[in-house]
Amino acid sequence: MKRYQPGPYDNLPDVRDGLTRKERIVLWVLHQTQEERRGRNVPTAMLYGRVVEYIDMSVEELQRILARLAAPQENTRGKP
Numbered sequence: 003m004k005r006y007q008p009g010p011y012d013n014l015p016d017v018r019d020g021l022t023r024k025e026r027i028v029l030w031v032l033h034q035t036q037e038e039r040r041g042r043n044v045p046t047a048m049l050y051g052r053v054v055e056y057i058d059m060s061v062e063e064l065q066r067i068l069a070r071l072a073a074p075q076e077n078t079r080g081k082p
């Protein structure tokens, strides 16, 4: 398995959806793991173990990413 090498633009959000490279990898690994578990919830420890197979990340950084992705997004169009 080829390990991801960090680049200079990894912390910049993508203009299409606002996700950083690390956030995209976390979501991809989460999706794969949920499919393997037939839709059941994925424990954070299991997710972390699988994410660090691809990128270097601390537990705290994974928790920040998960909190950001799970938080309700503000409506930027000014409508309730």
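Its first residue numbered 3, the sequence shown is counted upward by one per residue in my numbering.
Every residue, glycine too, gets a C-beta built ideally from N, C-alpha and C.
ALA73 by DSSP, collapsed to three states: which one? Looking at ALA73 - three-state DSSP - the assignment turns out to be coil, as it is neither helix nor strand.
Answer yes if the segment 31-40 comes into contact with the segment 12-22, meaning at least three C-beta pairs across the two stretches below 8 Å, and no otherwise. Put simply, the segment 12-22 does not touch the segment 31-40. Fewer than three CB pairs are less than 8 Å apart.
Buried or exposed by the 16-neighbour rule on C-beta atoms within 10 Å, applied to GLU25: Burial call: buried.
What is the rounded straight-line gap between the Cα of ARG40 and the Cα of PRO15? Answer to the nearest angstrom: the Cα atoms are 30 Å apart.
Looking at the unbroken alpha helix (DSSP H) that takes in LEU14, where does it start and where does it end? Under the DSSP assignment, LEU14 falls outside any alpha helix (DSSP H); it carries neither an H nor an E label.
If I'm right that TYR50 touches LEU64 with Cβ under 8 Å, what's the distance once you round it to whole angstroms? Indeed they touch by this definition, with Cβ atoms about 5 Å apart.
On the premise that VAL28 lies in contact with VAL54, defined as a C-beta separation below 8 Å, what is that separation, rounded to the nearest angstrom? With a Cβ gap of about 11 Å, VAL54 and VAL28 do not count as contacting.
To the nearest angstrom, how far is the alpha carbon of VAL61 from that of GLU38? So the two alpha carbons sit approximately 22 Å from each other.
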